[in-house]
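S.K.:
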């Protein structure tokens, strides 16, 4: 009898345990475990479609797991190169939140347009491909209206995807979780309301278990957001073992070796790493072993914090089959002193900031380096002409610039029309000059194809009145706007009394482009600038020492504006900078015109086509506000 009772008691106990298991919460997963179990990559957004495997990018495991609910870490910063799955790991975290830890969540991209693209190309495909997510989020086409391109509602949570250029989006809701992607591309100020990162971080303050992930390719040293965050953290690097001696080390550019043949020519396909301890050759095929046995280590332990971690990883770690060491070596050999290529390499491959020294150019060296005697008003090589005009209280200063293949430029003429811009006479002089034709040595001629006139002075109405009837001649009013992130040429507006197109120019970006070209040393380099001189070396056509001093008078320096680091252009007090502004405007005129220089060169070389036909050979394009060029 006792035996039978004991048996029943065991059965009852087992039943109770089984029932309890049914009510128990599922075992808590880390972000990497969730991704390995649930994430499906689609061919539209991944080079390796199919189930996600953290083992493919083992260096991302710790970073993702810091974002798990059971981790004390609240702030994670990842400064990285390209082709490393940084953003995709952030998406894994978003999927984990929706499925495992619901709450108000925000993704911030540099702009609203990029936010829409990110949602359509990355987030929506992830939701569609993962059943655990698609079961929780209705497609945006559903009638309930809760889910759109930029808003995804799920049980007990909401995902908002916005741009760092939208103050309204950044303060749209409190957020427990923030994924800030490509933070170095954010503007310094959003709609006059301050730094976008500061704005959005303020939305997390009411959550004591908030999570923030910042991911970015770094850009400019001194003003890089991601580098600043990285340096404030414990600065972790991924240490991997040497396959020969086992020495743990970070993959550094200093140990990257590109062999050369007997003639001193680089052999990119034989690129490899050298062990910093035993000197052994480490080849590409060793990568899987090293990555699997790698480990993150703090390099600045005095910055250690239980709630903050910072990581750096370069493209040297890109998994086997992705971006190879041979491809990296090939890129490096093609830099050839090209500053823009070097900057891109350091940013996107090494995952480091580029040190922008204070930009300056020696005007006397530029003057002495003139080495061109034009055979006619237009040197051979010029394919299109642009002009620029700066308005002063007592004069108009102007320049005509010729442009050829690779956007190489020739100074054609620089000069001044004296007179009050509020009176008609000086504008008559300018109109006559803009209408003239310029001759090649063979007798063929070319007109100015596009002109930019500064409207930011004291003669704004007069500039508008002059430009309006000459719109078909592509004579446009412009207004400069300083600050980072503003493109050289913005979209035109007709929001003025005369309804004439007004182009906004990003003068900082323009000046940087001009200075980069002035520093070039060879006509073989794209963007090289040429200036005329007489056969005995004397200054002609307005290009004297005074011109070059005005062209190079400003210097780009690092300043702190309201406590934020920022590069600004500084002009010495009382100095003249009209030549720099005017060359900036002439460059913008070329951007507005957007000619096909290769086609123009082909037509020019046929010699039997008149300059008029050359200018008409390209299809017209229409910009916003109905501006045709």
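Residue numbers (this note's numbering): 88 to 716. The beta carbon of each residue, even a glycine, is placed where N, CA and C say it ideally should be. Quick caveat: nothing in here was measured; it's all calculated off a predicted structure.
Would DSSP call residue 356 helix, strand or coil?
M.R.: helix
S.K.: In the DSSP assignment, the alpha helix (DSSP H) including residue 119 goes from what residue to what residue?
M.R.: 118-125
S.K.: Spell out a yes or no on whether the segment 327-341 and the segment 376-386 are touching, meaning 3 or more CB-CB pairs, one atom from each, closer than 8 Å.
M.R.: yes
S.K.: Rounded to the nearest angstrom, how far is the Cβ of residue 496 from that of residue 502, given a contact under 8 Å?
M.R.: Incorrect: roughly 17 Å between the Cβ atoms, too far for contact.
S.K.: In the structure shown, what three-state DSSP assignment does residue 218 receive?
M.R.: Of the three classes helix, strand and coil, the one that applies to residue 218 here is helix, per DSSP.
S.K.: Roughly how many angstroms lie between the CA atoms of residue 120 and residue 153, to the nearest whole one?
M.R.: 12 Å
S.K.: Specify the secondary structure class of residue 193 as computed by DSSP and reduced to three states.
M.R.: strand
S.K.: Suppose the cutoff is 6 Å on Cβ atoms and the five residues either side in sequence are ignored; what does the same chain contact list for residue 117 look like?
M.R.: 152, 155
S.K.: Give the secondary structure of residue 277 by DSSP, where H, G and I count as helix, E and B as strand, and everything else as coil.
M.R.: coil
S.K.: Helix, strand or coil, according to DSSP, for residue 110 in the structure here?
M.R.: Confidence in residue 110 is poor, its pLDDT being 49 and thus under 50, which makes the residue's placement too unreliable to answer from.
S.K.: On the DSSP letters alone, give me the boundaries of the beta strand (DSSP E) that residue 397 sits inside.
M.R.: 395-400
S.K.: Can you tell me whether DSSP reads residue 701 as helix, strand or coil?
M.R.: The pLDDT assigned to residue 701 is 38, lower than 50, so where the model puts this residue is not dependable; a value taken from the coordinates is nonetheless given after this. DSSP places residue 701 in helix when its eight states are reduced to three.
S.K.: Of all the options 535, 609, 644, 461, which has the alpha carbon lying nearest to the alpha carbon of residue 527?
M.R.: 461
S.K.: Ordered along the chain, which non-local residues of its own chain (more than five positions away) have a Cβ less than 7 Å from that of residue 241?
M.R.: Around residue 241: 185, 189, 223, 224.
S.K.: Can you tell me where the alpha helix (DSSP H) with residue 691 in it begins and where it stops?
M.R.: For residue 691, the enclosing alpha helix (DSSP H) starts and ends at 684-693.
S.K.: Below 8 Å on the Cβ atoms is my contact criterion, and I expect residue 472 with residue 452 to pass it. Report the Cβ-Cβ distance as a whole number of Å.
M.R.: In fact, because the Cβ distance is near 27 Å, the residues do not count as touching under 8 Å.
S.K.: Should residue 708 go down as buried or exposed, given a rule of 16 or more other Cβ atoms within 10 Å for buried?
M.R.: Because the pLDDT of residue 708 is 39, which lies under 50, any placement of that residue in the model is unreliable, and the number read from its coordinates should be weighed accordingly. Its Cβ having fewer than 16 others within 10 Å, residue 708 is exposed.
S.K.: Please report the Cβ distance between residue 541 and residue 448, rounded to the nearest whole angstrom; I am assuming they are in contact, meaning their Cβ atoms lie under 8 Å.
M.R.: Contact doesn't hold; Cβ gap of about 22 Å is too wide.
S.K.: Are there 16 or more other CB atoms within 10 angstroms of the CB of residue 124, so buried, or fewer, so exposed?
M.R.: When all chains shown are included, residue 124 counts as exposed.
S.K.: Considering only residues of the same chain and omitting the five flanking positions on each side of residue 232, which have a CB-CB separation below 7 Å?
M.R.: Residue placement at residue 232 is poorly supported in this model, since its pLDDT is 46, which falls under 50; the coordinates still yield a value, given next. So the list is empty, once near-sequence residues are dropped.
S.K.: I need the boundaries of the beta strand (DSSP E) containing residue 300, first residue and last residue.
M.R.: 298-303
S.K.: Is the number of C-beta pairs between the segment 264-271 and the segment 169-180 that are closer than 8 Å three or more?
M.R.: Touching, per the Cβ criterion.
S.K.: What separation, rounded to the nearest whole angstrom, lies between the Cα atoms of residue 109 and residue 219?
M.R.: With a pLDDT of only 47 at residue 109, under 50, the local geometry of the prediction cannot be trusted, and the value read off the model is given with reservation. Cα-Cα distance, rounded: 19 Å.
S.K.: Going by CA-CA distance only, name the one from 618, 599, 403, 616 that's closest to residue 654.
M.R.: Comparing Cα positions, the closest option is 599.
S.K.: Starting from the C-beta of residue 405, find all residues in its chain whose C-beta is less than 7 Å away, skip the five residues before and the five after it, and write them out in chain order.
M.R.: 170, 171
S.K.: Do you know how far the Cα of residue 491 is from the Cα of residue 697?
M.R.: For residue 697, the predicted structure reports a pLDDT of 46, less than 50, and the residue's modelled location is therefore unreliable. The matter cannot be settled from this model.
S.K.: Can you tell me where the alpha helix (DSSP H) with residue 593 in it begins and where it stops?
M.R.: Here residue 593 belongs to no alpha helix (DSSP H); instead the beta strand (DSSP E) covers 589-593.
S.K.: So within the segment 599-664, which uninterrupted alpha helix (DSSP H) runs reach at least 4 residues, ignoring any that extend past its ends?
M.R.: 632-638
S.K.: Do you know how far the Cα of residue 549 is from the Cα of residue 317?
M.R.: 52 Å
S.K.: Which whole runs of the alpha helix (DSSP H) in the segment 311-389 are 4 residues long or more, in chain order?
M.R.: 312-319, 374-379
S.K.: With DSSP collapsed to three states, give me the class of residue 482.
M.R.: strand
S.K.: Quick check: the Cα distance between residue 111 and residue 130, rounded to an integer number of angstroms?
M.R.: Residue placement at residue 111 is poorly supported in this model, since its pLDDT is 49, which falls under 50; the coordinates still yield a value, given next. Cα to Cα, residue 111 sits roughly 37 Å from residue 130.
S.K.: Under the rule that 16 or more other beta-carbon atoms within 10 Å means buried, what is residue 621, buried or exposed?
M.R.: exposed
S.K.: Could you check if residue 486 is buried or exposed, using at least 16 other CB atoms within 10 Å of its CB as the buried criterion?
M.R.: buried
S.K.: From this set, 393, 322, 413, which residue's C-alpha is nearest residue 355's C-alpha?
M.R.: 413
S.K.: Just to confirm before moving on: does the CB-CB distance between residue 567 and residue 480 stay below 9 Å?
M.R.: no
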